[in-house]
Amino acid sequence: MPTRWLQLVYPEDTGSAAEGTWPSKQALHHDQELNTVADAFKTEPYNLFTNNCHVFVSAVMTHVDYRNTHWDPFKVAVLVFFCARYTSLWGFLHTWLPFMTMVVLGVFYGRMVFLYVWLGLSVPLLAWFIIYNFANKVW
Numbered sequence: 001m002p003t004r005w006l007q008l009v010y011p012e013d014t015g016s017a018a019e020g021t022w023p024s025k026q027a028l029h030h031d032q033e034l035n036t037v038a039d040a041f042k043t044e045p046y047n048l049f050t051n052n053c054h055v056f057v058s059a060v061m062t063h064v065d066y067r068n069t070h071w072d073p074f075k076v077a078v079l080v081f082f083c084a085r086y087t088s089l090w091g092f093l094h095t096w097l098p099f100m101t102m103v104v105l106g107v108f109y110g111r112m113v114f115l116y117v118w119l120g121l122s123v124p125l126l127a128w129f130i131i132y133n134f135a136n137k138v139w
């Protein structure tokens with residue numbers, strides 16, 4: 001169930017259903033590129049750490065040449081983290097409540113040991129995510 005969304009803006013796309021010009025050529029091109037990437041990903045195994053939804057979205061955004069740049073999973077994650085909107089209050093709670101509950105209980109009961117363990121796990125995983133995505137540019 002999605003909890004956040006991000007509207008990708010294409011100012012040069014002027015087609016609309018009201019004018020009878022939708023779908024526009026650009027929208028049809030994006031659909032074609034989405035299908036191309038989806039066909040390529042059908043043959044690859046899903047992996048939470050290396051081949052996940054962020055890789056798929058970055059591949060689609062690169063193929064449609066969104067903002068005339070190469071997209072990688074790190075850029076997609078940063079864009080979603082800072083610019084995406086929550087679908088509802090439930091989406092916000094669904095995203096952050098489990099994490100915040102764990103942190104509050106961990107700090108309350110475990111104090112500094114919890115923070116050291118949490119940072120000891122989080123920092124290497126974040127570093128691995130960044131290094132892997134910059135070193136392994138598949139798309």
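Anchor point for the sequence shown: position 125 equals 125 in full-length UniProt numbering, and the numbering is continuous, going up by one each time.
We put the CB at the ideal spot given by N, CA and C, even for glycine.
Whether tryptophan 71 touches serine 88 by CB criterion (7 angstroms): no
Glycine 110 versus valine 123: straight-line alpha-carbon distance, rounded: 19 angstroms
Counterpart residues of arginine 67 in DSSP-defined beta bridges: For arginine 67, which the question treats as bridged, DSSP gives no partner whatsoever.
Sequence-distant residues of its chain with Cβ nearer than 6 angstroms to histidine 63 (five each side left out): Glu33 and Val37
Whole-number beta carbon distance between asparagine 133 and residue 201, since they are thought to touch under 8 angstroms: With the chain covering only 1 through 139, there is no way to say anything about residue 201.
Same chain, Cβ closer than 7 angstroms to asparagine 51, neighbours up to 5 away in sequence not counted: Glu44 and Pro45
Candidates Phe81, Phe56 and Phe49: closest to lysine 42 by CA position: Phe56
DSSP state of asparagine 52 mapped onto helix, strand, coil: coil
Inter-residue spacing [alpha-carbon to alpha-carbon] between leucine 119 and glycine 106: 12 angstroms
Buried/exposed call for tryptophan 128, threshold 16 Cβ in 10 Å: exposed
Alanine 77 to threonine 95 span [Cα, whole Å]: 14 angstroms
Range covered by the alpha helix (DSSP H) that runs through proline 2: Element bounds for proline 2: n/a, residue is neither H nor E.
Valine 60 versus Phe49, Lys75, Asn47 and Leu48, residue with shortest Cα-Cα distance: Lys75
Leucine 6: CB within 6 angstroms of a non-hydrogen atom of the ligand GTP: In the structure shown, the ligand GTP is absent, as is every other ligand, since no ligand is present at all.
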